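Visitor:
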Amino acid sequence: MGKIRYYCEYCDRSFLDDLKARKKHLSSTQHARLKKQYYLPFRTAKEVYEEETTKDPCRKLITQNFCPFAENCKYSHYKPHELEILRQQAHAEDLRRNSSCTPQLIDVALSKMSSSEKVDEWLLAWKTKQEGEALKPAKPALQAVSKAWSSNLPPVLQDWGSDLPPSLQPWSTFNLSNVHVEDWG
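Per the UniProt record's numbering, the very first residue in the sequence shown carries number 1; after that it's consecutive.
(1) Assign Tyr7 to buried or exposed, taking buried as 16 or more other Cβ atoms, counted over all protein chains shown, within 10 Å of its Cβ.
(2) Looking at C-beta atoms only, is the number of pairs between the segment 82-96 and the segment 65-73 that lie closer than 8 Å three or more?
(3) So if DSSP puts Ser76 in a beta bridge, which residue, or which two residues, is it bridged to?
(4) Using the C-alpha atoms, what's the distance from Glu9 back to Arg22?
(5) Helix, strand or coil, according to DSSP, for Arg43 in the structure here?
(6) In angstroms with no decimal places, state the Cα-to-Cα distance between Asp17 and His25.
(7) Quick one: what's Ser14 bridged to in DSSP?
Set out below in structure tokens:
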């Protein structure tokens, strides 16, 4: 009977599956480099910006206009204006992900990003608008849906109280108004 083999998808190689060999492979520089290279396209603009701002500029790229290390270089290959564009993209991603504002408001915010003072003013205005909307009473349709969902809990589940998993807990107006729908792809 043959030994069980471990297959590493990052490195596209297999070897005998024993603890020592697996630890040695997972700590190797080749595996770390290939794993990093695999995940590079999936990084958000915020992650790239945070990583690149901690690095110093690459001298080889500046002087020779070429760096033999490419994305494996420990220095930054971004110019200051490219970092600013990256920062704006990261801010736009945060706005899209964390806010419930309309696309028109996001477009207005993005058009004002060239000067940080205007952005700060817009964010302050948006925050006061959101706080004002939070003080308004809930919409009647939202209350009706919430009442229907919270009152239709079977008696068996009512005995569990707050120990129910989130998928079985009754809905409230707070839950319905704060739903963040994730993009599935």
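Glycine included, each C-beta is placed from N, C-alpha and C at the ideal position. In this text the structure is predicted, and so the values were computed from the model without any measurement.
Guide: So, to answer that:
(1) Counting of Cβ neighbours within 10 angstroms places Tyr7 among the exposed residues, the total staying below 16.
(2) Touching, no.
(3) According to DSSP, which records beta bridges pairwise, Ser76 is partnered with Pro57.
(4) About 13 Å.
(5) Coil, per DSSP.
(6) CA-CA distance, Asp17 to His25, rounds to 11 Å.
(7) Beta bridge pairing from DSSP links Ser14 with Tyr7.
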